[in-house]
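There are 2 protein chains.
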Amino acid sequence: MNSDDAVNTLVSYLERKGLKFTSQRRTITEAFFDPRFRDEHPSVEELYARVRARDARIGYATVYRTLKLLVDCHLASPRQFGDNQTRYEPEIPGEHHDHLVCLDCNSIVEFENDEIEALQDRVAQELGFKIEQHRMILYARCRRGCVVPGDRAPRPAPQ
Amino acid sequence: MNSDDAVNTLVSYLERKGLKFTSQRRTITEAFFDPRFRDEHPSVEELYARVRARDARIGYATVYRTLKLLVDCHLASPRQFGDNQTRYEPEIPGEHHDHLVCLDCNSIVEFENDEIEALQDRVAQELGFKIEQHRMILYARCRRGCVVPGDRAPRPAPQ
DNA sequence: CTATATGCAAAACGTTTGCATCCCT
DNA sequence: AGGGATGCAAACGTTTTGCATATAG
Numbered sequence: 087m088n089s090d091d092a093v094n095t096l097v098s099y100l101e102r103k104g105l106k107f108t109s110q111r112r113t114i115t116e117a118f119f120d121p122r123f124r125d126e127h128p129s130v131e132e133l134y135a136r137v138r139a140r141d142a143r144i145g146y147a148t149v150y151r152t153l154k155l156l157v158d159c160h161l162a163s164p165r166q167f168g169d170n171q172t173r174y175e176p177e178i179p180g181e182h183h184d185h186l187v188c189l190d191c192n193s194i195v196e197f198e199n200d201e202i203e204a205l206q207d208r209v210a211q212e213l214g215f216k217i218e219q220h221r222m223i224l225y226a227r228c229r230r231g232c233v234v235p236g237d238r239a240p241r242p243a244p245q
Numbered sequence: 087m088n089s090d091d092a093v094n095t096l097v098s099y100l101e102r103k104g105l106k107f108t109s110q111r112r113t114i115t116e117a118f119f120d121p122r123f124r125d126e127h128p129s130v131e132e133l134y135a136r137v138r139a140r141d142a143r144i145g146y147a148t149v150y151r152t153l154k155l156l157v158d159c160h161l162a163s164p165r166q167f168g169d170n171q172t173r174y175e176p177e178i179p180g181e182h183h184d185h186l187v188c189l190d191c192n193s194i195v196e197f198e199n200d201e202i203e204a205l206q207d208r209v210a211q212e213l214g215f216k217i218e219q220h221r222m223i224l225y226a227r228c229r230r231g232c233v234v235p236g237d238r239a240p241r242p243a244p245q
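Residue numbers (our numbering), protein chains in the order written: chain A, 87 to 245; chain B, 87 to 245.
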C-alpha cells in the first residue's frame, strides 16, 4: 500500500467519524508508509524520528494519537516481537501474514501458510472454539549468514 | 509440577549460582505453583496478591526479582496475550504448548499440535532458517457459552 | 463559529534500581 | 563475619492525559 492510498483511507475514515484531517495526520501517515522503509516495523520512537525529519514541529503525543487512528482504520497493527518494544506494522487491508524473527540480525521476515491456518482452525474447532484471529512468531537463525544481512545488532532470546 | 518440586528446582538453581534460599523466595514460588490456581497465567499484580495473602510483609520488588529467578531456572515464562499485561506461566520443564485465548471470557486454553510444529519447521527451512522457538496464540470465541465459564470480564480485541 | 486537534508538560503505568538494613550460609 | 537479599522509595521508559491555544470544517 502506498502512502497516497493510505492517506485516502485515513481521510475517509476521519470523514465517517466526523474527525478532522490535519497536516500532522498527513505527515505522520506518509512517514509511516514511506516506501524507503517498506517492510520495516517501526517503534513509536523510530516513526517519530521519520516524522521529525519531515516536520520538526510535530509532537510525540500527536504521533501516538495518530498511530491509534491508523490502528482504528486498519492501516496499522501493533506488534510485540519480544524485544520489549511495541512496533507498528503497516497493513494492507485484506492481507494477512505471520512473522519470522531472526535471532542473529533481528530482521523480520513475513510469510503466509494456508496449511498452518487450516490446522489452527481445526485445533480450535476441536476445542469448541471459532478463531477470530491469531498471532504466530517464529524465532529462528539463518543457516549460513543472514538472508537479510543486518546492520542491526543481535537480540536477546525472546521473553 | 507441584510446588515442592518447583521449590526443589529453585533451591538447586540457587546453590549452583551461589545464591541464597530465603523464606520470601519459598513463599513466592509456592504461591506461583499453588494448585488452587493451576492453569492460570498470573500477572505480577495477581501473583503479588497471592503472595500477600501468605505473607503481607513481602514487597513488590521481591516478587519481580524472584519471578526473574524463576524464569532463569525455567520454572516460569513471561507471556504477552495482548491485554497489555505481562503474564507468567508456570512451566513444566520439557513440555511445550501454545495458547488459545477466549475473547469472551478471557480464559486461556493450552494446546499442542505436532502437525503445526512440523509445518513451522518446514516454512522456516524454506526461508533458509532454523527455528529455535515459536509463539502462537489463537484468539477465538466459544461456539455456545464458554468451555471454561468465566467469572472474568470479556476483553478487547487483541493488539 | 465551534468542535476537534495540537504541543507541551505533567501524570500514569509497569518495572527496575539505589540504598540502608537484614539474614542466610 | 560477609555477601547476598529485602523493603522502601525514588528512578525509569513508555504511554496517556489535562489544558491552553490553534485550526479544520
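A virtual CB, placed ideally from N, CA and C, is assigned to each residue, including glycine.
Since this is a predicted model, take the numbers as computed values, not measurements.
**Message:** To the nearest angstrom, how far is the alpha carbon of B/R111 from that of B/E196?
**Reply:** For the purposes of this step, residue 111 of chain B is identified with residue 25 of the second sequence, where counting begins at 1. For the purposes of this step, residue 196 of chain B is identified with residue 110 of the second sequence, where counting begins at 1. Those two C-alpha atoms are separated by around 27 Å.
**Prompt:** Which word fits B/H220, buried or exposed, when buried means at least 16 other C-beta atoms lie within 10 angstroms of its C-beta?
**Reply:** In the second sequence, the residue the question calls residue 220 of chain B occupies position 134. Buried: at least 16 other Cβ atoms inside 10 Å.
**Prompt:** Taking three-plus beta-carbon pairs below 8 Å as touching, is the segment 144–156 of chain A in contact with the segment 181–193 of chain A?
**Reply:** no
**Asked** Is A/E212 buried or exposed, if buried means 16 or more other CB atoms sit within 10 Å of its CB?
**Response** For the purposes of this step, residue 212 of chain A is taken as residue 126 along the first sequence, with counting starting at 1. Its Cβ having fewer than 16 others within 10 Å, A/E212 is exposed.
**C-alpha gap between A/E156 and A/P121, whole angstroms** = In the first sequence, the residue the question calls residue 156 of chain A occupies position 70. In the first sequence, the residue the question calls residue 121 of chain A occupies position 35. Residue 156 of chain A is actually Leu in this sequence, not Glu. Those two C-alpha atoms are separated by around 17 Å.
**Message:** Give me the chain A residues within the contact set of B/I202, using Cβ-Cβ distance strictly less than 8 Å, ordered along the chain.
**Reply:** Here the question's residue 202 of chain B lines up with position 116 in the second sequence. Near B/I202 (Cβ distances below 8 Å), the residues of chain A are I202, L205, Q206, V209.
**Asked** How would you label A/R136, buried or exposed, when you count the other beta carbons within 10 angstroms and need 16 or more for buried?
**Response** Counting from 1 along the first sequence, the entry for residue 136 of chain A is found at position 50. The residue is buried, with at least 16 neighbouring Cβ atoms inside 10 Å.
**Asked** Tell me the DSSP bridge mates of B/Y225?
**Response** Taking the first residue of the second sequence as position 1, residue 225 of chain B is located at position 139. Its beta-bridge partners are A/Q219, B/V187.
**Asked** Which one of A/N88, A/I217, A/C188, A/L153 has the shortest CA to CA distance from A/P128?
**Response** Position 42 of the first sequence, counted from the start, is the residue given in the question as residue 128 of chain A. Among A/N88, A/I217, A/C188, A/L153, the Cα nearest to that of A/P128 belongs to A/L153.
**Range of the contiguous alpha helix (DSSP H) that encloses B/R208** = Within the second sequence, the letter at position 122 stands for residue 208 of chain B. Its alpha helix (DSSP H) spans residues 200–212.
**Asked** Grouping DSSP H, G and I as helix and E and B as strand, with all else coil, what is B/Q166?
**Response** Sequence index remark: in the second sequence, residue 166 of chain B carries index 80 (1-based). Strand.
**Request:** Name, please, each residue of chain B whose Cβ falls closer than 9 Å to the Cβ of A/F118.
**Result:** Along the first sequence, read from residue 1 onward, the residue named residue 118 of chain A stands at position 32. Here the premise fails: no neighbours, minimum Cβ distance about 17 Å.
**Message:** Output needed in chain order: residues of the segment 144–171 of chain A with a Cβ under 9 Å from some Cβ in chain B.
**Reply:** V157, S163, P164, R165, Q166, G168
**Asked** By Cβ distance, which residues of its chain are closer than 7 Å to B/D207, with the 5 residues on each side in sequence left out?
**Response** Counting from one through the second sequence, the residue named residue 207 of chain B turns up at place 121. The residues are I217.
**Request:** Within the same chain, show all residues whose beta-carbon is closer than 6 Å to that of A/D91, passing over the 5 residues directly before and after it, in chain order.
**Result:** As a position in the first sequence, residue 91 of chain A is number 5, starting the count at 1. Answer for A/D91: no residue qualifies.
**Item:** Separation of B/M87 from A/E132, as counted between CA atoms
**Value:** Walking along the first sequence from the start, residue 132 of chain A turns up at place 46. Walking along the second sequence from the start, residue 87 of chain B turns up at place 1. So the alpha carbons of these two residues sit roughly 43 Å apart.
**Asked** Going along the chain, which residues of its own chain have a beta-carbon closer than 6 Å to the beta-carbon of B/L100, five neighbours each way excluded?
**Response** Within the second sequence, residue 100 of chain B is the residue found at index 14, counting from 1. Closer than 6 Å at Cβ, skipping near neighbours: F107.
**Request:** Could you confirm whether any beta carbon from chain B is found closer than 9 Å to the beta carbon of A/V130?
**Result:** Taking the first residue of the first sequence as position 1, residue 130 of chain A is located at position 44. No, its Cβ sits nowhere closer than 9 Å to a Cβ of chain B.
**Request:** Just tell me which of A/A204, A/E198, A/I223, A/A142 has its CA closest to the CA of A/H183.
**Result:** If you number the first sequence from 1, residue 183 of chain A lands on position 97. For A/H183, the nearest C-alpha among the options comes from A/E198.
**Prompt:** What residue from B/F123, B/V209, B/F119 has the CA that sits closest to A/M222's CA?
**Reply:** Residue numbering aside, residue 222 of chain A sits at position 136 when the first sequence is read from its first letter. Considering only alpha carbons, the answer is B/V209.
**Request:** Closer than 7 Å by C-beta to A/V93: which residues in its own chain qualify, once you throw out the five before and the five after it? Chain order, please.
**Result:** As a position in the first sequence, residue 93 of chain A is number 7, starting the count at 1. If we look at A/V93 and ignore the five residues flanking it on each side, its Cβ neighbours are R112, T115, E116.
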